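Chains as they are written, first to last, in the numbering used here: chain H, 575 to 835; chain G, 19 to 340; chain Y, 115 to 532. Backbone N, C-alpha and C fix where the C-beta goes; we use that ideal spot for every residue, glycine too. These numbers were taken from a predicted model, which means no experiment stands behind them. Below is one structure, written out as structure tokens, with a few remarks after it.
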């Protein structure tokens, strides 16, 4: 009957970002947020384990915004309880801060057998928080897991690496990061959604965790975020027929030094 | 020679180590500090000796039978003690999956910041390290600084060029190995069939997207690629939706850096563009004059790829005949 | 008149999940395939809808439903209409099952509930409404099916035509709400002495006839059945003897709200498909969307759709208050109840506007897109053929809705049939 904590990021929906044309700055503040995609895989895996072995799934997130709709969604998917760490001091936070605050929250929750995170977030894709959290909590970390099984307090995980598939084994407690290959996140039933309204969301501020404001200083300073500049030649190659166009392409390739004659 | 406060380089992938050495040298020179790299493994004396030719001031070697396979806990503990001893200013770690995890754990242990996947690294006029990386799924380029020390940066493959051999050879130093016991037990390792050259290293790529009607039509792209000495690639929908392929070129797939990228029937979704952005020359062939890929192309061909590609193949064959 | 037009967090999450389910299971390709292939309706989709909880959500939780209010069920019907703009899914599972099934559940015995309602909620069986007869549809009080009491059974005789879902009902099991005359016909009050029954499709004497070849909503069948001395236990009677007509009007109200809400979704879909096209497609060097003839029409359809939506939600709100007054566990507001005829006026307005606006939207979209819109690459033509069913007569013809509104505005004495 394991207790599983799932760390969710209330991430920017990158498909809805707009660019301010004049300055090329990205307009992030009004972009809708959602549970980061890989974190949904993490949550699904936790719920599947609960369905098999019983136990409890706890959803945990860190944000400056009101993430209660995302946490309600997590509760509908199958989390039993959710914790929201909400504090304006978390603005401009980075993975260093995130991992250290999550660790404090997990210590305050004070019970878990397994922690599951997504391999990385969809908006930052830095893949740091999971391993950092494992290191702070002194847990074995198994990353890039695409298949997971649990038996008698031992986790067996198959990791998808660039050059091989590595199967590892470790005793609980363990921290896992999962890839999207591990499962297909479910669509909760409407009854699950209704039941989720009755589940508990606990909100903590940083002072509830005993974190003084001075400690919340991100290690990373972002100097600028702009839309990528693409300075391409954009030369149109036209012709009467395909043969003519093809010849123009070949000529261009020769001029670029890409074809050895 | 002391490599204190200097630049430290590590990757379990030696090609990446080399690439990072060239950038590392540049950074170390600007900071007027030393550059060191570490190679960890079993029976790696020869590789270590080879590394000394490429610009580092010192190459550390941790050579031990227990280090044969990469185990994050053991490699991490070696790297950690070395880095602590030398109080490095900048640590460059190769951004492979293993490297990323290693770097994050090191950053947590050292209570410092980490900038991932920096494809550009410079020392600014006030002596600070400035890193550039892709964010928001390819929609943004972020320029970042790390306030804490050491500054840990992960570097993706082929972000930097390999160094040419240096005049001065580096010192070699052996590291006493007292590795931390691994927390994970490796049960099985199944190697993936790897092609000799991976698409990320290809210099010419001919790629197909949704404009390709049947999987068999890729033969035409293969022929074109063959004539140019290149690889064939595909976009994500052909792998995920049509299930013609397992992998794809794109931000979440393989990021490529060829000299020539020919996009056939590819519309140019931002995630794909992010994966091919570093190509030297992009030629795009698409029926749709409004296709977004044309914004990211050097040469624009509006036309039916089923006519243009065969014509190109003919034209190239004719050149070799001359 | 303090009120709030915003959706609750729970409603938003419910809608989000129905959307996600539809995105996976009611893709454009699937819907096109369903319309091309025709009935019977795919069982896997209805079972999925059942597991999701999208069918008969307004049935109270202790009877197997979700205990939702009609406003929330409207939001769900909008999504169903959006993802299946041929309206076949909404026809079978929002209008017939959610609208009528809920009403059957109000008046049925525990036996009928266990055997038919609960399985229908899970997507396992089909429960429907059979009012139309060869003699006519609109004149419900003029229907000729009879039921004679023999001991503790009723013997039904009659014929029903143009009934939705008969093939599905036959295949999956289930039954129909059938009204029958159980007392003498009073010429000045023909609606009295009619009783409602639940007739299982496999009851002895029920002969299901071959379905018609409809013009649209092809995925759901339209057929009929003959009742030849069909014996129905008294336990299968719905509500009180002689009250059938009134229950039927209630059933129509619930089904009509669902149709209006589904049409909001259909129209939204039509706009979502057409607008990107007219923004991109150029004629004489300019996007179609630049031309006022087109953009004004788009704006008008949109404006009318929003009016339809508000009217539908208000009608649903009125129905919720009526049910709240009757002791249903849905707490809506402090307002007093409305007269059923007042509610019926609002519902009929929504049901009048919904299908006719959807028809107009489909037609206009085809004109904006030209030849491309005329092809089966888009679902406009399938939407047009589908919603036409709700203009010509399904759940009450267009002109019947108008009569209902006139009756409330001008008075009963102006009814054409009086």
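Can you tell me whether residue 800/H is helix, strand or coil according to DSSP?
Strand, per DSSP.
Where the stretch 130-160 of chain Y meets chain H: residues whose CB sits under 8 Å from a CB there:
So the list reads 130, 131, 132, 134, 135, 138, given in the order they occur along the chain.
Let me know if residue 61/G comes out buried or exposed under the rule of 16 or more other beta-carbons within 10 Å of its beta-carbon.
Residue environment: residue 61/G is assigned as exposed (fewer than 16 neighbouring CB atoms within 10 Å of its CB, all protein chains considered).
In chain order, each alpha helix (DSSP H) run of at least 4 residues that lies wholly inside the stretch 41-81 of chain G
Here the runs fully enclosed are 63-69.
Quick one: what does DSSP say residue 627/H is sitting in, helix, strand or coil?
Shown here, residue 627/H sits in a helix according to DSSP, grouped into three states.
Measuring only between beta-carbons, confirm whether residue 613/H sits less than 8 Å from chain G.
For residue 613/H, the answer is no, since every Cβ of chain G falls outside 8 Å of its Cβ.
What span of residues does the beta strand (DSSP E) with residue 252/G cover, start to end?
Note, residue 252/G: beta strand (DSSP E), 249-252.
Please specify which runs of the beta strand (DSSP E), each continuous and at least 3 residues long, are wholly inside the stretch 300-326 of chain G, giving them in chain order.
Counting whole runs of 3 or more residues, the stretch 300-326 of chain G contains the beta strand (DSSP E) stretches 317-320.
What residues of chain H sit near residue 325/G, judged by a beta carbon separation below 7 Å?
Residue 325/G reaches chain H at 816, counting residues in chain order whose Cβ is nearer than 7 Å.
Cβ-based contacts, 8 Å cut-off: residues of the stretch 155-183 of chain G near chain H:
Taking 8 Å as the Cβ-Cβ cut-off, the stretch 155-183 of chain G approaches chain H at 155, 156, 157, 158, 159, 160, 161, 162, 163, 164, 165, 166, given in chain order.
In whole angstroms, what separates the C-alpha of residue 316/G from that of residue 225/G?
Linking residue 316/G to residue 225/G through their CA atoms gives a straight-line distance of about 15 Å.
If we ignore side chains and look at the alpha-carbon of each, how far apart do residue 354/Y and residue 347/Y end up?
Rounded to the nearest angstrom, the two C-alpha atoms are 14 Å apart.
Below 7 Å CB to CB, which residues in the same chain sit around residue 788/H once its five sequence neighbours on both sides are set aside?
The answer is none, since no qualifying residue turns up.
What residue from 130/G, 161/G, 239/G, 147/G has the CA that sits closest to residue 706/H's CA?
Selected option, being the one with the closest Cα: 130/G.
Quick one: does residue 764/H have its CB under 8 Å from some CB of chain Y?
So yes, residue 764/H belongs to the interface.
Tell me the DSSP bridge mates of residue 225/G?
Its beta-bridge partners are 251/G, 281/G.
Distance CB(residue 127/G)-CB(residue 30/G) smaller than 8 Å
In terms of Cβ geometry, residue 127/G and residue 30/G do not form a close pair [threshold 8 Å].
In this structure, what does DSSP give as the bridge partners for residue 608/H?
Residue 608/H is bridged by DSSP to 585/H.
Taking only three categories from DSSP, how would you classify residue 400/Y?
Of the three classes helix, strand and coil, the one that applies to residue 400/Y here is strand, per DSSP.
Would you list, in chain order, the members of the stretch 249-260 of chain G that have their beta-carbon closer than 8 Å to a beta-carbon of chain H?
Those would be none; no residue qualifies.
If you measure beta-carbon to beta-carbon, which residues of the stretch 624-648 of chain H are closer than 9 Å to chain Y?
In summary, the residues of the stretch 624-648 of chain H whose CB is separated from some CB of chain Y by less than 9 Å are 642, 643, 646, 647, in the order they occur in the chain.
Near-chain Y residues of the stretch 769-781 of chain H - C-beta to any C-beta below 8 Å
Residues 770, 771.
How far does the beta strand (DSSP E) with residue 743/H in it extend, from its first residue to its last?
First-last of the beta strand (DSSP E) with residue 743/H: 738-745.
Helix, strand or coil: how does DSSP classify residue 102/G here?
Under the three-state reduction of DSSP, residue 102/G is assigned to helix.
Identified DSSP bridge partners for residue 314/Y:
BP columns for residue 314/Y point to 289/Y.
Output the boundary residues of the beta strand (DSSP E) element that contains residue 751/H.
Its beta strand (DSSP E) spans residues 748-752.
Specify the secondary structure class of residue 657/H as computed by DSSP and reduced to three states.
In the three-state reduction of the DSSP assignment, residue 657/H falls in the strand class, which pools E and B.
Runs of beta strand (DSSP E) wholly within the stretch 759-824 of chain H (minimum 3 residues, chain order)
Secondary structure within the stretch 759-824 of chain H: the beta strand (DSSP E) runs of 3 or more consecutive residues, fully enclosed, are 774-778, 794-800 (chain order).
I'd like to know whether the C-beta of residue 168/Y is nearer than 8 Å to at least one C-beta of chain H.
Under the Cβ distance rule, residue 168/Y counts among the residues neighbouring chain H, one pair being separated by less than 8 Å.
Hey, residue 55/G and residue 35/G are a contact pair by Cβ (cut 8 Å); roughly how many whole angstroms apart?
Indeed they touch by this definition, with Cβ atoms about 6 Å apart.
So for residue 493/Y, helix, strand or coil by DSSP?
Taken through DSSP and simplified to helix, strand or coil, residue 493/Y comes out as coil.
Once DSSP output is grouped into helix, strand and coil, what is the label at residue 38/G?
Look at residue 38/G here: in three-state DSSP terms it is helix.
Once you ignore the five residues that flank residue 298/G on each side, which residues in its own chain have a CB closer than 6 Å to its CB?
Taken in chain order, the residues that qualify are 277.
Alpha-carbon to alpha-carbon, residue 465/Y and residue 514/Y
Here the alpha carbons of residue 465/Y and residue 514/Y stand approximately 10 Å from one another.
Excluding the five sequence neighbours on either side, which residues of its own chain have a C-beta within less than 6 Å of the C-beta of residue 613/H, listed in chain order?
582, 583, 692, listed in sequence order.
Taking its Cβ as the centre, do 16 or more other Cβ atoms sit within 10 Å of residue 379/Y, making it buried, or is it exposed?
Counting Cβ neighbours within 10 Å, residue 379/Y comes out buried, since at least 16 surround it.
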